[in-house]
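Contents: one structure, followed by commentary.
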Amino acid sequence: MSAPRYGIWVSVGGNFGPLKTLDEPIDASYERTRSLVFRSRSLGYVVTLVA
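For the sequence shown, this note's numbering gives the first residue as 618, with consecutive numbering after it.
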């Protein structure tokens, strides 16, 4: 059996999970999305999903 593969959902409209806070303002910019994807890859995630 192969090891499980994990992925992340890339936010296309901003991060609305935690509503806008000073620590994490709503931001759907290319730079933020790119940094999240690269960070997730470094943590071992192998799939990126876009809604």
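Every residue gets a Cβ at the ideal spot worked out from N, C-alpha and C, and that includes glycine.
### residue 666 (DSSP reduced to helix, strand or coil)
Strand, per DSSP.
### Query
Would you report the Cα separation of residue 640 and residue 622, rounded to the nearest angstrom?
Each residue's CA atom was taken as its position, placing residue 640 and residue 622 some 29 Å apart.
### Query
Mapping DSSP to helix, strand and coil, what is residue 654?
Here DSSP, grouped into helix, strand and coil, assigns residue 654 to helix.
### CA-to-CA distance, residue 618 to residue 652, given in whole angstroms
Each residue's alpha carbon lies about 32 Å from the other.
### Query
Nearest-angstrom Cα distance between residue 654 and residue 665?
Counting only the Cα atoms, residue 665 lies some 7 Å from residue 654.
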